[in-house]
Amino acid sequence: MRTHRTLAALTLLVGQLLIPRPAHAQAPPGCPAPTPAEIRRAGKSQADQPPKGARALTGLRVGHLPKGFSWGQVNVYSYDDVAEYSYLWSDNRDDVDRGHRSLWVRVACWPKAAGPAQLRTAPFILGTFAGDVRQMKVGKRTVLTKEGDGALGHGRYAGWVERKGVVITVMASQPLVPELTEIIKGITLR
């Protein structure tokens, strides 16, 4: 019995040392952060069926959310000095199917983000702004866009610095690209 307790305590200690701190612990003031329940759901890779709506991310609203999604999933990551919080809406088609509908919206809390120049060098693990990147204006936002690559899938990837330290990125699959400008315009921090 004593061996089991010691082993359990050791397992808990190792788990606390190896598991990264939750993203909300590193988010700067004014940057949306996941709730503890969302962190647990992300850790278990639990999908929402049906997907959550326009307020799937605490502190952010997606005002123009296309129809046709069958499931969704929250993701929370923390690495270096970046804390990421995102939600993926998707249908049940295969990712390589050109008719596949998916929308990935991410909030990245990165203290060094101040404008498009920093966004090009952001230390994101997935969805960087390297290569053939274009700059455009969507409302008052200066948005960087590029074609989706293999890791992100087909479609268009966009991102901007909403305010100092807060980056928002959007990946829209090919069927949703015509709506990308409306999606970007409809995103607001609360």
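Numbering (mature numbering (1 follows the signal peptide of the UniProt record, and there is no 0)), first residue to last: -25 to -1, 1 to 165.
All C-beta atoms in this analysis are idealised placements derived from N, C-alpha and C, irrespective of residue type, glycine included.
Cβ-Cβ distance between residue i and residue j below 9 Å
{"i": "Val108", "j": "Arg131", "result": "no"}
{"i": "Val57", "j": "Ala17", "result": "no"}
{"i": "Gly128", "j": "His75", "result": "yes"}
{"i": "Gly140", "j": "Leu94", "result": "no"}
{"i": "Trp79", "j": "Tyr62", "result": "yes"}
{"i": "Lys160", "j": "Gly114", "result": "yes"}
{"i": "Phe44", "j": "Asp66", "result": "yes"}
{"i": "Gly47", "j": "Pro25", "result": "yes"}
{"i": "Val118", "j": "Pro7", "result": "no"}
{"i": "Phe104", "j": "Lys121", "result": "yes"}
Endpoints, beta strand (DSSP E) assigned at residue i
{"i": "Glu59", "result": "Val57 to Ser65"}
{"i": "Leu35", "result": "Leu35 to Val37"}
{"i": "Ile143", "result": "Val141 to Ala147"}
{"i": "Ala83", "result": "Ser77 to Cys84"}
{"i": "Gly134", "result": "Arg131 to Arg138"}
Residue i - containing alpha helix (DSSP H), residue span
{"i": "Lys121", "result": "First-last for Lys121: Arg116 to Glu122, but that is the beta strand (DSSP E), not the alpha helix (DSSP H)."}
{"i": "Ile158", "result": "Leu155 to Gly161"}
{"i": "Gly102", "result": "Neither: Gly102 is in no alpha helix (DSSP H) and is coded neither H nor E."}
{"i": "Gln24", "result": "Premise fails: Gln24 is in no alpha helix (DSSP H) and is neither H nor E."}
{"i": "Arg16", "result": "Pro11 to Gly18"}
{"i": "Leu94", "result": "Pro91 to Leu94"}
Beta-ladder partner(s) of residue i, from DSSP
{"i": "Ser53", "result": "Ala58"}
{"i": "Leu164", "result": "Leu35"}
{"i": "Arg109", "result": "Thr120"}
{"i": "Gly74", "result": "BP columns for Gly74 are empty, so no partner."}
{"i": "Gly47", "result": "Asp23 and Trp64"}
Beta-carbon contacts of residue i that lie in its chain and below 7 Å, excluding the five residues immediately before and after
{"i": "Arg165", "result": "Gly34, Leu35 and Arg36"}
{"i": "Ala29", "result": "Arg36, Val37, Gly38 and Leu40"}
Cut-off 6 Å between Cβ atoms - residues of its own chain near residue i, not counting five sequence neighbours on either side
{"i": "Arg73", "result": "Gln149"}
{"i": "Ala88", "result": "Val136, Gly140 and Val142"}
{"i": "residue 166", "result": "Given that the chain is displayed from residue -25 to residue 165, the structure contains no residue 166 and the question cannot be resolved."}
{"i": "Lys27", "result": "Gly47"}
{"i": "Ser77", "result": "Ser65 and Ser148"}
{"i": "Leu155", "result": "Arg131 and Ala147"}
Residues of its chain near residue i, where Cβ-Cβ distance is below 8 Å and the 5 sequence neighbours each way are ignored
{"i": "Leu101", "result": "Ala126 and Leu127"}
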